[in-house]
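What follows is one structure encoded as structure tokens, with my remarks underneath.
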Amino acid sequence: MGFGDLLEEVGGFGRYQWLHVTLISLPGLFMASQNLLNNFVSGIPAHHCRLPANYSLNNLSHYQMDEQQLLKAFIPPDSSGKLDRCRRYVEPQWQLLNTNNSVNISQLQTEECLDGWTFDRSEFLASTVSEWDLVCSLRPLKQMIQTIYMGGVLMGAIIYGGLSDRFGRRAVLIWSYMQVAVLEVEWIPTKERTIVGTLTSFFFTFGQMILAGLAFWLRDWRKLQVAVCIPQFLFFASSWWFAESARWLVLNRRSEQALKSLHRVARINGKSEIIDKLTVETLHSHMKKEIEACRSSFTAYDLLKTRGIRRISICLIAVWFSTSFAYYGVAMDLQKFGVSIYLIQIIFGAVDIPAKIFALGMLTVLGRRVSQAACLFLSALVIFANIFVPTDMQTIRTVLACLGKGFTSASFTVVYLYTGELYPTVIRQTGMGFVSTMARVGSMAAPAVLILDEVLPALPSVVYGGAAVLAGCFACFLPETLNIPLPDTIEDVEEKWSGRKPTWQPQEGRASSGGGVVSTTEGVALKELKDTEGTGLNAL
189 MGFGDLLEEV GGFGRYQWLH VTLISLPGLF MASQNLLNNF VSGIPAHHCR LPANYSLNNL
249 SHYQMDEQQL LKAFIPPDSS GKLDRCRRYV EPQWQLLNTN NSVNISQLQT EECLDGWTFD
309 RSEFLASTVS EWDLVCSLRP LKQMIQTIYM GGVLMGAIIY GGLSDRFGRR AVLIWSYMQV
369 AVLEVEWIPT KERTIVGTLT SFFFTFGQMI LAGLAFWLRD WRKLQVAVCI PQFLFFASSW
429 WFAESARWLV LNRRSEQALK SLHRVARING KSEIIDKLTV ETLHSHMKKE IEACRSSFTA
489 YDLLKTRGIR RISICLIAVW FSTSFAYYGV AMDLQKFGVS IYLIQIIFGA VDIPAKIFAL
549 GMLTVLGRRV SQAACLFLSA LVIFANIFVP TDMQTIRTVL ACLGKGFTSA SFTVVYLYTG
609 ELYPTVIRQT GMGFVSTMAR VGSMAAPAVL ILDEVLPALP SVVYGGAAVL AGCFACFLPE
669 TLNIPLPDTI EDVEEKWSGR KPTWQPQEGR ASSGGGVVST TEGVALKELK DTEGTGLNAL
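So for the sequence shown, my numbering puts the first residue at 189; every next one is plus one.
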């Protein structure tokens with residue numbers, strides 16, 4: 189018996205769970221928009237060097253020339269025949285306007301854009317790039333904006349993960365959306381976890397499509413930033429609804445509060461008859477093993493201390509980093525496809541729908557481990573394939589990029605669910621925060637890698653695809669969790685997935701008058717596992 193049995197007694201996946209999942213998923217609409225906002229906030233308009241003030245089209249109107257002719261005399265062509273974005277002629281080359289000229293353009297003197305740039309306003313009315321001239325030598329600063337944003341997400345993952353395990357899921361959720369995956373999964377019965385986790389991820393998909401509509405409508409980076417941020421404050425109004433995780437409350441010696449949460453869930457699910465039967469004693473009898481083994485506090489060190497948890501953590505670090513790295517590498521480079529950025533954003537968002545349905549089918553039929561590895565290997569395959577497609581075949585390149593985005597999105601869907609099932613309740617949020625920290629490192633690194641296309645156009649794809657292959661190999665070493673109840677303690681994980689029983693046993697506990705459990709030694713000492721046999725990941 190365990191907490192899963194209690195969930196079934198209070199209604200399983202009932203009315204409360206439906207409302208819980210819906211309210212907890214809605215903020216995902218604008219969280220997805222925020223993560224990809226830099227595509228539009230820092231969109232790069234078509235641009236060229238600004239002409240000297242005394243050579244404007246108005247000043248030369250008596251020469252009866254159009255703008256294209258004027259630009260031809262001042263701006264050299266690049267390797268593709270378009271106007272160069274970063275150079276201009278030192279002196280105007282009027283002879284180039286003569287159709288019979290025999291001038292060798294490569295020998296003409298050029299200089300940097302000393303007077304700034306002229307930006308096309310048809311696609312973006314205003315962006316950080318056009319406002320602060322973040323082009324040419326300043327192009328890396330444009331990528332840095334996304335890196336700094338993801339750095340903030342990284343700090344949240346580090347700080348709020350541990351706080352959630354110490355102070356509770358609900359309290360920290362109000363201040364941080366990252367707790368959603370944990371609070372959600374802990375109120376969902378085992379057999380519904382797969383479909384709920386997948387359906388929740390659809391809110392992120394729709395958020396990407398909403399972003400395209402907002403960006404097309406506003407086209408000003410400041411207005412767009414405000415439009416995406418303000419709705420997040422509205423979700424505070426629904427925070428009263430969420431019940432604290434009863435699992436967490438019991439394991440943190442707050443059984444009376446856990447009982448109130450379960451009574452509330454039973455009442456909403458139409459199971460009022462179970463309320464009188466559900467007592468603190470019943471709660472303890474269902475979770476006796478977990479309570480006896482639980483310590484008062486855990487740290488990130490516990491994620492690497494025992495063999496089974498260490499193996500899981502190392503593999504998940506690779507999977508989270510590479511999934512995020514490849515995902516944002518593809519999703520943050522929308523302007524290279526020769527299609528309207530607003531249209532490609534909608535396509536990239538829409539492709540997640542079949543990708544998540546594909547992930548749901550794989551999760552249900554093949555299990556978590558095979559699904560995770562397959563998504564990563566398939567994403568690497570299409571990313572590598574795009575390297576060999578000529579740049580003039582934009583349709584094929586766009587299709588392959590959409591497939592790559594879809595497979596990495598499916599990988600995200602799998603890993604969010606998988607991580608919550610692998611870590612035990614006592615360190616679930618600490619574990620989620622720890623491995624998602626690696627995801628933020630990946631998302632911070634992804635924009636910087638895009639700059640490598642100046643060295644070799646195919647180099648970013650090689651890096652993104654290689655990371656996905658490596659992570660797929662690590663995923664093969666993770667244990668399967670399909671239809672397995674959530675573990676509550678570190679000992680559960682060691683017994684189930686490390687291939688051996690733990691080398692230490694918790695001491696007996698006794699129920700306190702407040703409904704908690706008091707150890708005779710003020711907590712159980714966790715001893716080091718002594719067996720270090722095996723090689724490779726089996727020895728971790």
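Glycine included, every Cβ here is placed at the ideal spot set by N, Cα and C.
Note that the structure is a prediction, hence the values are computed from the model and not measured.
Item: Considering only DSSP beta bridges, list what Asp408 is partnered with.; Value: Ala314
Item: Kindly identify the DSSP beta-bridge partner or partners of Phe572.; Value: None; Phe572 has no bridge partner.
Item: Tell me the rounded alpha-carbon separation between Trp508 and Val198.; Value: 34 Å
Item: Find out if the Cβ-Cβ distance for the pair Ala519, Val657 is shorter than 8 Å.; Value: no
Item: Run the CB neighbour count on Ile584, radius 10 Å, all protein chains shown included, and call it buried at 16 or more, exposed below.; Value: exposed
Item: Could you pull the DSSP bridge partners for Glu683 from this structure?; Value: According to DSSP, which records beta bridges pairwise, Glu683 is partnered with nothing at all.
Item: Whose CA, out of Val468, Trp436, Glu461, lies closest to the CA of Glu444?; Value: Val468
Item: Classify Gln297 as buried or exposed, calling it buried when 16 or more other Cβ atoms lie within 10 Å of its own Cβ.; Value: exposed
Item: Compute the Euclidean distance between the alpha carbons of Trp429 and Arg381, then round it to the nearest angstrom.; Value: 21 Å
Item: Output the boundary residues of the beta strand (DSSP E) element that contains Phe307.; Value: 305 to 307
Item: CA-CA distance, Val637 and Lys593?; Value: 17 Å
Item: So who's on the other strand from Cys237, going by DSSP bridges?; Value: Trp305
Item: Where does Glu668 sit, in a helix, a strand or coil, going by DSSP?; Value: coil
Item: Which residue from Cys563, Trp282, Pro215, Cys324 puts its Cα closest to that of Ala514?; Value: Cys563
Item: Please confirm whether Phe132 and Pro233 have their CB atoms less than 8 Å apart.; Value: Here the chain covers residues 189 to 728 and nothing more, so residue 132 does not appear.
Item: Let me know the secondary structure DSSP gives Pro578 once reduced to three states.; Value: coil
Item: Spell out a yes or no on whether the segment 256 to 274 and the segment 284 to 301 are touching, meaning 3 or more CB-CB pairs, one atom from each, closer than 8 Å.; Value: yes
Item: Do the segment 458 to 465 and the segment 210 to 221 touch if we need at least three Cβ pairs shorter than 8 Å?; Value: no
Item: Out of Gln560, Pro645, Met475, point me to the one whose CA is closest to Val729's CA.; Value: Outside the displayed span of the chain (189 to 728) sits residue 729, for which this structure offers no information.
Item: Beta carbon of Leu217, beta carbon of Phe391: below 8 Å?; Value: yes
Item: Alpha carbon to alpha carbon, what distance is there between Asp680 and Ile529?; Value: 49 Å
Item: Rank Ala659, Lys544, Ile678, Ser599 by C-alpha distance to the C-alpha of Val384 and give the top, closest one.; Value: Lys544
Item: Measuring straight from C-alpha to C-alpha, what distance separates Asn286 and Ile293?; Value: 13 Å
Item: Report back the beta-carbon spacing between Leu733 and Arg407 to the nearest angstrom; my notes put them in contact at under 8 Å.; Value: What the structure shows of the chain is the stretch from 189 to 728, and residue 733 is not part of that stretch, so it cannot be assessed.
Item: Give every residue of the same chain whose Cβ lies closer than 7 Å to the Cβ of Lys260, excluding the five residues on either side of it in the sequence, and list them in chain order.; Value: Leu284, Leu285
Item: Sort Val577, Val650, Arg498 by Cα distance to Phe525 and report the nearest one.; Value: Val577
Item: For the putative contact between Arg556 and Tyr606, defined by C-beta atoms under 8 Å, what is the C-beta separation to the nearest angstrom?; Value: 5 Å
Item: Look up Glu300 in the DSSP assignment and say whether it is helix, strand or coil.; Value: strand
Item: Can you tell which of Gly537, Arg616, Leu640 has its C-alpha closest to the C-alpha of Leu591?; Value: Gly537
Item: Please report the straight-line C-alpha distance between Thr511 and Gly621, rounded to a whole angstrom.; Value: 16 Å
Item: Quick one: Cα of Ile505 to Cα of Ser318, how far?; Value: 37 Å
Item: For Pro265, does the three-state DSSP call read helix, strand or coil?; Value: strand
Item: With burial defined as no fewer than 16 other Cβ atoms inside 10 Å of the residue's Cβ, what is the status of Arg698: buried or exposed?; Value: Residue placement at Arg698 is poorly supported in this model, since its pLDDT is 36, which falls under 50; the coordinates are not used for a value here.
Item: In angstroms with no decimal places, state the Cα-to-Cα distance between Trp436 and Glu311.; Value: 50 Å
Item: Taking DSSP as the reference, what is the three-state secondary structure of Tyr277?; Value: strand
Item: Should Pro215 be labelled buried (16 or more other beta-carbon atoms within 10 Å of its own) or exposed?; Value: buried
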